[in-house]
Each structure stands twice: as C-alpha cells, then as structure tokens.
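Residue numbers (this note's numbering): 15 to 226. We put the beta carbon where it would ideally sit given N, CA and C, even for glycine. Note that this is a predicted model, so its numbers are computed, not measured. One structure is given below, encoded as structure tokens.
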C-alpha cells in the first residue's frame with residue numbers, strides 16, 4: 015500500500031514539472047524585436063568632415079584678382095523624410111548646418127570662412143553603395159581680404175554666401191562612408207559696401223560621412 019502511494023505521488027510530481035520546464039525553454043528562445051534605422055531613414059543624422067580647395071574665376075585685373083583657398087568643412091545633417099519615389103529619382107531631403115574655413119593661398123588676405131544652411135537631396139536606391147546628391151544653400155561669411163583697397167571683390171568683413179554642389183557617397187556600411195563633391199560658391203555683400211563685384215569660386219571636397 016505504501017509503495018503504491020509513493021508511486022502515485024512521484025508520478026504527480028513528475029507531471030507537474032513538465033509545464034514549468036517547457037515555459038523555461040520558451041523564455042530562453044524568445045527573441046526581442048529591435049527597431050534599426052537605416053542611414054537615410056527619417057530621424058537619422060549624419061556628420062561629415064572634409065577638406066579640399068576652391069579657385070576663383072574671372073581674374074583679370076587688380077580690381078578682380080585671383081583668390082584661391084584651401085578649405086576644411088564640418089557638417090551636421092538630419093534626414094527629414096524616409097526615401098520615397100520611383101526610378102532614379104527615389105530619395106529623401108536632408109537639412110545640414112555647415113561650418114567651413116579656408117586659408118587664402120593666392121590673392122589678398124589670409125582667411126575666408128562661412129556658416130551656412132544647406133538643403134540636400136539624396137538619390138537613395140535600395141541596397142546601393144553609391145548614393146549621389148545635389149545641394150543648395152547659403153549663409154554668411156567672414157574674410158580679411160577686404161583690407162586690400164585695390165581689389166573690389168569683397169568690400170567688408172561680413173559677406174553673404176551662396177553655394178551649390180553635386181556629390182556622391184560610397185557607403186562602407188550603414189554607419190560609415192566616404193564622399194566626393196564639386197561645386198560653386200559666391201560671396202558678396204548685396205551692395206552694403208562700395209566694393210561689391212563679388213567672389214565666385216569653383217572647387218570641391220573629399221571626406222568621410224558618419225551616420226547615427
């Protein structure tokens with residue numbers, strides 16, 4: 015009789031542990047869903063740093079002298095929308111803030127710097143390593159070339175800055191890439207000073223992009 019009772023008790027105990035063991039197995043195998051944003055998805059950010067050079071055009075006289083610079087730029091951007099559209103026009107809009115500085119290596123003065131707001135359209139194809147872009151922007155700039163009274167390109171320390179560029183990124187991963195761009199920029203003071211022929215330059219930058 016006692017042996018039968020022990021057998022029944024052990025059987026009940028063994029059966030009762032099966033659901034708990036199965037539940038523990040489910041906990042171990044449960045997977046958590048993680049929301050991972052792509053580099054060009056809405057809300058993602060980009061940091062760019064690059065270096066290059068810009069060369070002036072229409073250099074024909076002392077009033078319009080050659081003025082060339084070696085430049086460095088840092089930019090912080092925010093993806094405003096998810097990529098959308100069809101064919102090669104698929105892409106998104108990015109807002110960027112740029113701080114740039116250049117040393118004048120040919121011409122009057124020593125420095126030419128700017129702070130600008132840029133709007134960039136990224137041509138984003140699914141899974142593409144190469145991501146082209148176009149951008150437009152403007153802001154303000156500082157120079158010390160205006161001290162040279164013979165030149166009439168820049169008439170005061172503060173000038174307005176307008177710029178445009180085309181470029182392309184190569185993505186090493188979703189978080190890192192390299193970029194190459196070429197563009198035009200214009201500095202003038204909108205007639206606030208007596209000297210205001212304006213400085214036009216063409217050049218480019220090479221650098222890295224970090225996404226987060």
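Requested in this report: Please name the residue, chosen from 167, 152, 111 and 103, that lies closest to residue 158 on a Cα-to-Cα basis.
Outcome: Measuring from the Cα of residue 158, the nearest candidate turns out to be 167.
**Report entry** Sequence-distant residues of its chain with Cβ nearer than 8 Å to residue 204 (five each side left out)
**Finding:** Correct list, in chain order: 174 and 210.
**Report entry** residue 142 versus residue 169: straight-line alpha-carbon distance, rounded
**Finding:** Approximately 46 Å, taken between the alpha carbons.
Query raised in the report: Of the residues 154, 60 and 144, which one's Cα is nearest the Cα of residue 89?
Result: Among 154, 60 and 144, the Cα nearest to that of residue 89 belongs to 60.
Query - Alpha-carbon spacing of residue 144 relative to residue 183, whole angstroms - result: Roughly 6 Å between the two C-alpha positions.
Report task. Select from 135, 123, 85 and 206 the residue whose C-alpha is nearest the C-alpha of residue 216. Result -> If we check each option's Cα against that of residue 216, 85 comes out closest.
Query - Whole runs of the alpha helix (DSSP H) within the region 119-195, excluding any shorter than 4 residues - result: Runs of the alpha helix (DSSP H) inside the region 119-195: none found.
Report task. For residue 103, count neighbouring C-beta atoms within 10 Å of its own C-beta (all shown protein chains included) and say buried if the count is 16 or more, exposed if not. Result -> Exposed: under 16 other Cβ atoms inside 10 Å.
**Report entry** Contacting residues, own chain, Cβ-Cβ under 7 Å from residue 31 (five flanking each side not counted)
**Finding:** The predicted position of residue 31 is uncertain, since its pLDDT is 47 and thus under 50; a value taken from the coordinates is nonetheless stated next. Excluding five sequence positions before and after residue 31, none of the CB atoms of its chain fall closer than 7 Å to its own CB.
Requested in this report: Take the Cβ of residue 128 as the centre, count every other Cβ of all protein chains shown within 10 Å, and call the residue buried at 16 or more, exposed below.
Outcome: With 16 or more other Cβ atoms within 10 Å, it is buried.
Requested in this report: With DSSP as the reference, label residue 201 as helix, strand or coil.
Outcome: For residue 201, the secondary structure class from DSSP, reduced to helix, strand or coil, is strand.
**Report entry** C-alpha gap between residue 223 and residue 206, whole angstroms
**Finding:** Each residue's alpha carbon lies about 37 Å from the other.
Query raised in the report: Is it a yes or a no for the region 99-113 touching the region 63-80, going by three-plus beta-carbon pairs under 8 Å?
Result: No contact exists between the region 99-113 and the region 63-80.
Report task. Measure the alpha-carbon distance for residue 219 versus residue 192 and round it to whole angstroms. Result -> For residue 219 and residue 192, the gap between their C-alpha atoms comes out near 11 Å.
**Report entry** Reference residue 114; option with closest CA among 72, 213, 68 and 53
**Finding:** Nearest C-alpha to residue 114: 68.
Query - First through last residue of the beta strand (DSSP E) which encompasses residue 67 - result: It spans 59-70 - the beta strand (DSSP E) in which residue 67 sits, taken as one unbroken run.
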